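Engineer:
There are 2 protein chains.
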Amino acid sequence: MKTVHKEHTLTKNQQIIFDLIDKSPEPMKAYSILFNVQKKGIKAPLQVYRALDKLVEIGKIHKIESRNAFIACHNSSCQMANATAFSICEICEKVTEISSAGLSKYLANFKDKDGMKYSKYNLEFFGLCKKCKVK
Amino acid sequence: MKTVHKEHTLTKNQQIIFDLIDKSPEPMKAYSILFNVQKKGIKAPLQVYRALDKLVEIGKIHKIESRNAFIACHNSSCQMANATAFSICEICEKVTEISSAGLSKYLANFKDKDGMKYSKYNLEFFGLCKKCKVK
DNA sequence: TTACATCTTGTTATATTATAACAATCTAAA
DNA sequence: TTTAGATTGTTATAATATAACAAGATGTAA
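Listed in order, the protein sequences are those of chains A and B. For the first sequence, our numbering assigns the number 13 to the initial residue and increments by one for each residue that follows. For the second sequence, our numbering assigns the number 13 to the initial residue and increments by one for each residue that follows.
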């Protein structure tokens, strides 16, 4: 029941909700998650939001801010919690996490006009996915 | 009453709401905007959201997705509507629009692993602003 | 000018997303 | 085994956003 690393130990609710998001082919919204886990005893929005907050915090999932939806992290789990990039299809709403060493290096080293650096960022690209482009 | 370019002509509600946001030193939330324009006859959330939608569409304002708040565009107005970058202070919540030719060039030319390019994106950097860093 | 299409408005109601507050329970480590 | 801290369950409510529809304004073309 326990994993080796404490930082990855999920509580029951967290595990249930993570499993659901992880299996979903698309980002899930909080109340859709709630609906799906009610049969497992999670009945209230707060129970969902608390688990989501924690999962985001430890990097197991990410929030797609422009969609108010959540997806599981597949970039060697939890390392990318503070530096995320996604592509979002404006037609089918497919979301893909971008893992590009070049991009993350560029952004982590970016200095604004005051010379300030930022190790934490969220980038959302919008366009058409391959499938929708063809149509 | 009319400006030279039709695409910049604002309706009464749009103008009232844009002026308010433009004067604000910080991003404004929809219901705070509503509260502030009620004395000018804008009484319902939908009137605010409709104006906001239009102002975002034509690039006069931007939405800070992670904060559900809106700020006026100061990058030669409306040209940056589809390619936005901001720095956000995690303590005082100060938000600054980043206008960096290098950054926008890099992101506009970024290709994902499928070779796909995206002309539209939103980037939010998080950190501490100068003032909050000192404290 | 008139008539039409389109856009914008005003309004009520409601949907969706998220948090406050607090008592009870569980868990990990001393 | 006790105690501090995290997590849970629960009710209520706050904050953000859209649906639906009637009425009014505006541009344009005959």
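For glycine and all other residues, C-beta sits at the position ideal for the given N, C-alpha and C. Since the structure is predicted, the reported quantities are computational estimates derived from the model, not experimental observations.
1. If the cut-off is 8 Å on Cβ atoms, which residues from the stretch 122-140 of chain B count as contacting chain A, listed in chain order?
2. Using the Cα positions of N87 of chain A and L135 of chain B, report the straight-line distance between them to the nearest angstrom.
3. If you draw a straight line from the alpha carbon of K9 of chain B to that of L115 of chain A, how long is it in whole angstroms?
4. Residues of chain B with a CB under 9 Å from the CB of I10 of chain A: which are they?
5. Would you mind reading off the limits of the alpha helix (DSSP H) that contains K24 of chain A?
6. In chain A, which residues lie less than 7 Å from E77 of chain B when you measure between Cβ atoms?
7. Is V107 of chain B closer than 8 Å to I73 of chain B when the C-beta atoms are compared?
8. Can you give me the Cβ contacts of I29 of chain B inside the same chain, cut-off strictly under 8 Å, excluding the 5 residues immediately before and after it?
9. If you follow the beta strand (DSSP E) that K132 of chain A is part of, which residue opens it and which one closes it?
10. Just mark P37 of chain B as buried or exposed, buried being the case when its beta carbon has 16 or more other beta carbons within 10 Å.
11. Closer than 9 Å by beta-carbon distance: list the chain A residues that pair up with Y43 of chain B, in chain order.
12. In whole angstroms, what is the alpha-carbon distance linking D34 of chain B and K52 of chain A?
13. Tell me which residue opens and which closes the alpha helix (DSSP H) that S116 of chain B is part of.
14. Just tell me which of B:A81, B:T21 and B:K145 has its CA closest to the CA of E102 of chain B.
Structural biologist: In short, the structure shows the following:
1. F122, D124, K125, D126, M128, K129, Y130, S131, K132, Y133, N134, L135, E136, F137, F138 and G139
2. Locating residue 87 of chain A in the first sequence gives position 75, counting from the first residue. Locating residue 135 of chain B in the second sequence gives position 123, counting from the first residue. For N87 of chain A and L135 of chain B, the distance between alpha carbons rounds to 19 Å.
3. Nothing can be reported for residue 9 of chain B: it is not among the residues displayed for chain B, which extend from 13 to 147.
4. Examination of residue 10 of chain A is not possible in this model, given that chain A is present from 13 through 147 alone.
5. Residue mapping note: residue 24 of chain A aligns to position 12 of the first sequence, counting from 1. Counting along the chain, the alpha helix (DSSP H) containing K24 of chain A begins and ends at K24 to K35.
6. On the second sequence, position 65 is the one that residue 77 of chain B refers to. Ordered by position in chain A, the residues that pass the 7 Å Cβ test against E77 of chain B are E77 and S78.
7. The residue you call residue 73 of chain B lines up with position 61 of the second sequence. The residue you call residue 107 of chain B lines up with position 95 of the second sequence. No, these two residues do not count as a Cβ contact at 8 Å.
8. Translated into positions along the second sequence, residue 29 of chain B becomes position 17. I45, V49, I54, V60, A63, L64 and L67, listed in sequence order.
9. Against the first sequence, residue 132 of chain A aligns to sequence position 120. Taken as a continuous stretch (DSSP letters only), the beta strand (DSSP E) holding K132 of chain A covers K132 to G139.
10. Walking along the second sequence from the start, residue 37 of chain B turns up at place 25. Exposed is the call here.
11. Reading the second sequence from its first residue, position 31 is the one you call residue 43 of chain B. By Cβ distance, chain A contributes nothing, its closest Cβ being about 17 Å from Y43 of chain B, past 9 Å.
12. By one-based count along the second sequence, residue 34 of chain B stands at place 22. By one-based count along the first sequence, residue 52 of chain A stands at place 40. Taking the straight line from one Cα to the other gives about 48 Å.
13. Start at 1 with the first residue of the second sequence, and residue 116 of chain B comes out as number 104. Segment A113 to N121, the alpha helix (DSSP H) holding S116 of chain B.
14. In the second sequence, counting from the first residue as 1, residue 102 of chain B sits at position 90. Of B:A81, B:T21 and B:K145, the residue nearest in Cα terms is B:K145.
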